[in-house]
Ligand SMILES: *Cc1c(COP(=O)(O)O)cnc(C)c1O
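Residue numbers (the working numbering): 34 to 417.
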């Protein structure tokens, strides 16, 4: 049979896998420990922290989707990123994006303060800055694209090749697009990490993460650390995530269609200054987007005409968008990065990163698009 599509693989993952019952849906195994066939022989499973059948099913499905060789499910996206740092020795250098996810920025910064690693934050869209950083002899290069909240795109293939050349491992945070829109291992990365909390589970009811590696050896090293440090995810979370993931391709299709329409609406609105969305033809990295993404995804942001107070008023007038951080669920979420997701950044750092007070970020959900647009329209009208 020819290679199956992502959609088929996701829908079929673990279906009819339990011959003891013939259950169509995969069972939830909660047992913390498993019986040994005899004193000398371990079974396939022996202790839940090390390996659990439900978690293993989710791991294998995600490894298949990312075209990896092995991986592990952990307790959160941050646990996945911290797990990668176990591959580094004290004072090894990691190169990270200057505009990476706030939690990652905090983790790298504080691990460096403990002398566990060294970190250099770089604008990876600036090739000269990138070259200079590579000359410092990094052991790991961390990539995140599209960036949050401005949807900047960097060239994964180019950065992964540069990392390989200097003997560094490349790690890509693929949370914003999910494996149905971008496959970093195919583009040369060594490791992919996800916050499963976002698109992969997709229903805003699990916090989880995963790592997937491009070789069995690397995957085993990561799994060894996940077991050693006790980072592996719980079975019920894995079971919910398998259930949520079934509809990932369908959700992404609908949410992306909605985001396209919303981006076009916002672009043409006279109360909007600027729209950031990878699906717009005038996106500064449109060429890279065409090469490395199979679609623009469903995250966008825009600058409303006005100040912080106008922005707050606008958000208050909305009825269909929940005011919340996070993203990737079926429901539309809206936030004001300057005082919510990026409030921890100093105002000067925010200014440098281009995050203005009038910036609004939307995780576009699966609601009927006409309802979302008319809600936005009403909120704009009420500002006048
Ligand atoms: C949410 C997020 C994380 C962290 O994931 P958690 O599951 O919240 O720990 C990491 N990277 C990106 C891009 C995210 O959006």
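Beta carbons are placed, not taken as given, at the ideal position from N, Cα and C, and that holds for glycine. Quantities reported herein were computed from a predicted structural model and do not represent experimental measurements.
Any non-hydrogen atom of ligand 1 within 6 Å of residue i CB
{"i": "residue 115", "result": "no"}
{"i": "residue 206", "result": "yes"}
{"i": "residue 109", "result": "yes"}
{"i": "residue 230", "result": "yes"}
{"i": "residue 310", "result": "no"}
{"i": "residue 152", "result": "no"}
{"i": "residue 57", "result": "no"}
{"i": "residue 199", "result": "no"}
{"i": "residue 187", "result": "no"}
{"i": "residue 362", "result": "no"}
{"i": "residue 240", "result": "yes"}
{"i": "residue 136", "result": "yes"}
Under 7 Å between C-beta atoms of residue i and residue j
{"i": "residue 352", "j": "residue 270", "result": "no"}
{"i": "residue 63", "j": "residue 268", "result": "yes"}
{"i": "residue 325", "j": "residue 220", "result": "yes"}
{"i": "residue 66", "j": "residue 260", "result": "no"}
{"i": "residue 114", "j": "residue 91", "result": "no"}
{"i": "residue 344", "j": "residue 369", "result": "yes"}
{"i": "residue 235", "j": "residue 88", "result": "no"}
{"i": "residue 239", "j": "residue 274", "result": "yes"}
{"i": "residue 201", "j": "residue 171", "result": "yes"}
{"i": "residue 264", "j": "residue 357", "result": "no"}
Anticipated Cβ contact below 8 Å, residue i with residue j, distance rounded
{"i": "residue 99", "j": "residue 231", "result": "With 8 Å as the limit, residue 99 and residue 231 do not qualify as a contact, their Cβ atoms being about 15 Å apart."}
{"i": "residue 168", "j": "residue 153", "result": "Wrong, their Cβ atoms sit about 11 Å apart, outside the cutoff."}
{"i": "residue 133", "j": "residue 244", "result": "Actually they are not in contact, since the Cβ atoms of residue 133 and residue 244 sit about 16 Å apart, beyond 8 Å."}
{"i": "residue 94", "j": "residue 373", "result": "Actually they are not in contact, since the Cβ atoms of residue 94 and residue 373 sit about 32 Å apart, beyond 8 Å."}
{"i": "residue 299", "j": "residue 335", "result": "5 Å"}
{"i": "residue 108", "j": "residue 242", "result": "7 Å"}
{"i": "residue 276", "j": "residue 363", "result": "Contact flag wrong, Cβ pair sits at about 13 Å."}
{"i": "residue 310", "j": "residue 329", "result": "6 Å"}
{"i": "residue 212", "j": "residue 39", "result": "7 Å"}
{"i": "residue 341", "j": "residue 182", "result": "That pair is no contact at about 15 Å."}
{"i": "residue 389", "j": "residue 371", "result": "7 Å"}
{"i": "residue 214", "j": "residue 327", "result": "5 Å"}
Closest Cα partner of residue i within the set the options
{"i": "residue 120", "options": "192, 142, 251", "result": "251"}
{"i": "residue 207", "options": "317, 163, 406, 361", "result": "361"}
{"i": "residue 225", "options": "356, 102, 276, 36", "result": "102"}
{"i": "residue 366", "options": "163, 124, 171, 237", "result": "237"}
{"i": "residue 228", "options": "306, 137, 329", "result": "137"}
{"i": "residue 412", "options": "171, 349, 386, 356", "result": "349"}
{"i": "residue 303", "options": "410, 371, 378", "result": "410"}
{"i": "residue 416", "options": "246, 338, 329", "result": "338"}
{"i": "residue 405", "options": "330, 296, 359", "result": "296"}
{"i": "residue 58", "options": "81, 123, 162, 272", "result": "272"}
{"i": "residue 247", "options": "179, 204, 233", "result": "204"}
{"i": "residue 41", "options": "146, 281, 316", "result": "281"}
{"i": "residue 387", "options": "257, 76, 185", "result": "185"}
{"i": "residue 253", "options": "155, 331, 104", "result": "104"}
{"i": "residue 209", "options": "147, 110, 96, 140", "result": "110"}
{"i": "residue 147", "options": "43, 401, 160, 125", "result": "125"}
{"i": "residue 164", "options": "195, 384, 60", "result": "195"}
{"i": "residue 414", "options": "305, 333, 222", "result": "305"}
{"i": "residue 159", "options": "403, 317, 78", "result": "317"}
{"i": "residue 135", "options": "73, 402, 383", "result": "383"}
{"i": "residue 256", "options": "81, 180, 69", "result": "81"}
{"i": "residue 332", "options": "68, 286, 301", "result": "286"}
{"i": "residue 79", "options": "68, 73, 155", "result": "68"}
{"i": "residue 249", "options": "49, 96, 45", "result": "96"}
{"i": "residue 420", "options": "73, 179, 72", "result": "Past the edges of the chain, shown from 34 to 417, lies residue 420, and the structure says nothing about it."}
Neighbour flag for residue i against chain D, beta carbons, 7 Å
{"i": "residue 266", "result": "Considering every chain present, this structure includes no chain D. It has just one protein chain."}
Ligand 3 heavy atom lying under 6 Å from the CB of residue i
{"i": "residue 158", "result": "As far as ligands go, the structure on display features ligand 1 and does not contain ligand 3."}
Determine, using beta-carbon pairs with one atom in the segment 120-130 and one in the segment 163-179, whether at least three such pairs fall under 8 Å. yes
Spell out a yes or no on whether the segment 284-292 and the segment 393-408 are touching, meaning 3 or more CB-CB pairs, one atom from each, closer than 8 Å. yes
Assess contact between the segment 186-206 and the segment 316-332, defined as three or more Cβ pairs (one per stretch) separated by less than 8 Å. Is contact present? yes
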